[in-house]
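In our numbering, the protein residues as written are 605 to 1267.
Every residue, glycine too, gets a C-beta built ideally from N, C-alpha and C.
Quick caveat: nothing in here was measured; it's all calculated off a predicted structure.
Here's the structure, in structure tokens; my notes come after.
Right, dumping it as structure tokens:
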């Protein structure tokens, strides 16, 4: 019966979702049991993509007004039922049918629901209201209808981001005008300290900026010390900057700063790079500094930065004019100005640095690329920004350098490896102590946070493996002290005991021909299995008997290498290194196979047989497992673990002896 109920529920749900009102009505009208009817109308159905909705929510989400009308008029659905829906890349928890209709822009559905008594202010789990959803997409018709039916214009989401702010950010001038006319506060601050003026300025919506100022918007700093004009300048929104610098609220010093930031950003912006505009605005700023001979406003310089070639900013018009034709000088001038004005703790500071480094890499100026990227890496870690992409970028450029025969330094690789280890330590902490920014995070938010931590660990472990492989190509030329320092770092890395999905350690990955390798340059240098990387990990304390989720040890993994003849040296070297450093040849995986039994080639079997040295201790552990001798609690804990390594020996023995009754 339960199965039949679920089938009917699914049919009704998908009929509502696909806009089939006759089918919905014909099924529901035949249900006589009130409890059954209520269940079919109001229970949520979970789809494969994670969407979880009732028939009403689904119909509203996809704009099927006839289905919505039938459900409301004939079957009294719960208008405040909440579901989980997906809009583009956003997952929204706690969304009602009205919220979905408003967000998707279905005015007719919105009218049906409001007339039926739906709560126009019912928020999602993040406190987003139907009005905010309509403002996001600029649906003025829905915004007007909701406000005329008592939607609260002042309700903000959990970040205290108001309807006016989202409309300003998206550049919906007509919506902004209507909200202001109906009492929206232009000076409300989000939790980050930003106002609607910040959001519109940074996105370049000069019409919205003008409208906000008409209604009394003031110039505040957000929590990062950014004013609206600085936000616009940092994003190269020159039209907004040129409008705002003439405002009486902007001081001369602020005008100078905005013009310099605008010029510095144009000199290094990936999307809007324009060296002519860069020089133009830098020149305007310098002229402004010297516009009053009796009150020259001089720069307060920051200490020179090696990544910027120890560049010192120009101080006079003549100095600036001298570098007009030198693009590299203007680039360094721009980066230095950005760091002076924004400060090292601004999260936007690093993007142009990375872009400028990439341009150097494209021109085979790897030394300059690495200097800039190392500086950006330091800044990002200083501000606790994920460096997943940064680390991979280094692995790619190092691989490219090796492939084309350009020398890299031990110090460069070690600096990046150190950053990778620090990042993995942070990833591990995030995983063991999930701490989303929102104190009232839902289960789904926490799960997403944990999933992201796991994903970051996997990406960073793979990149770290590439870095170790690159490091092995330098160690032979290093001093004894340098080798010791590198090995100490790898030991620290092994002590973290982190794994990718499937439970594989770095040592498993180094032995595994299935380990994925990034396509962009990295594959030219990093290939697995890798004997040198394996040797380095073992020498630095990697557990040679670590088991993945299928109880495979690194030895189980390497004996599955199918290029046994073509790459015999790698196969032989890894098996030998593992066994000589304590890898047990009689540990069984979840299939009950020892490494010898798991071998896929005769060559691997032969190599392994020459290395087999089963100790008396191993024989005793096998005997205990085979004869079902109770040992837990009777032997020391470390011995319990050792016996357990020999795993399912009893099951294998029973299988071989056709004795299923003992299993």
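Query                                                                                                                         : Result
Segments assigned beta strand (DSSP E), at least 3 residues, entirely inside the segment 648 to 726                           : 687 to 691 and 694 to 699
Opening and closing residue of the alpha helix (DSSP H) in which residue 869 lies                                             : 856 to 870
Contact under 8 Å by Cβ, residue 981 with residue 1122                                                                        : no
Rounded separation between residue 725 and residue 833 - CA only                                                              : 34 Å
Exposure label - residue 864; buried when at least 16 CB within 10 Å                                                          : buried
Beta-carbon proximity of residue 746 to residue 786, cut-off 8 Å                                                              : no
At least three beta-carbon pairs within less than 8 Å, the segment 943 to 957 to the segment 906 to 918                       : yes
Cβ pair residue 767, residue 735 closer than 8 Å                                                                              : yes
Own chain partners of residue 1107 with C-beta closer than 6 Å, once the 5 adjacent residues on each side are dropped         : 1152 and 1153
Residue 882, enclosing alpha helix (DSSP H) - first and last residue                                                          : 879 to 893
For residue 779 and residue 1117, the rounded distance between their alpha carbons                                            : 57 Å
contact_flag[the segment 728 to 743, the segment 692 to 709] where n(CB pairs < 8 Å) is 3 or more                             : yes
Check whether residue 916 and residue 908 have beta carbons under 8 Å apart                                                   : yes
Where the alpha helix (DSSP H) through residue 915 begins and ends                                                            : From DSSP, residue 915 is part of no alpha helix (DSSP H); its letter is neither H nor E.
Validate contact between the segment 1125 to 1134 and the segment 1085 to 1099 using beta carbons, cut 8 Å, 3 pairs           : no
Endpoints, the alpha helix (DSSP H) within which residue 1115 is located                                                      : 1110 to 1115
First and last residue of the uninterrupted alpha helix (DSSP H) at residue 774                                               : 767 to 774
7 Å CB neighbourhood of residue 1079 in its chain, flanking five on each side removed                                         : 1087 and 1090
Proximity to residue 930 [Cα-Cα], best of 893, 955, 882 and 624                                                               : 882
Residue range of the alpha helix (DSSP H) that includes residue 931                                                           : 931 to 946
Reduced DSSP secondary structure (H/G/I, E/B, other) of residue 1080                                                          : coil
Option in 1007, 1014, 990 and 631 with minimal Cα separation from residue 1031                                                : 990
Rounded distance between the beta-carbons of residue 614 and residue 645, thought under 8 Å                                   : Their Cβ separation, rounded to whole angstroms, is 14 Å, which puts residue 645 and residue 614 out of contact at 8 Å.
Three-state class that DSSP yields for residue 625 in the structure shown                                                     : helix
Host alpha helix (DSSP H) of residue 842 (start-end)                                                                          : 842 to 848
Reference residue 1196, options 1179, 1157, 806 and 620, closest by Cα                                                        : 1157
Rounded separation between residue 993 and residue 1101 - CA only                                                             : 22 Å
Residues of its chain near residue 1286, where Cβ-Cβ distance is below 8 Å and the 5 sequence neighbours each way are ignored : Outside the shown range of the chain, which is 605 to 1267, sits residue 1286, and nothing can be said about it.
Residue range of the alpha helix (DSSP H) that includes residue 964                                                           : 954 to 966
Beta-carbon proximity check, residue 808 vs residue 774, cutoff 8 Å                                                           : no
Three-state secondary structure (DSSP) of residue 853                                                                         : coil
CA nearest to the CA of residue 744, picked from 781, 869 and 756                                                             : 781
Of the residues 706, 716 and 712, the one placed nearest residue 727, counting alpha carbons only                             : 706
Other residues of its chain near residue 1185: CB distance less than 7 Å, five sequence neighbours each side excluded         : 1142 and 1148
C-alpha gap between residue 866 and residue 939, whole angstroms                                                              : 11 Å
Residue 1119, buried or exposed, once every other Cβ within 10 Å from all chains shown has been counted against 16            : buried
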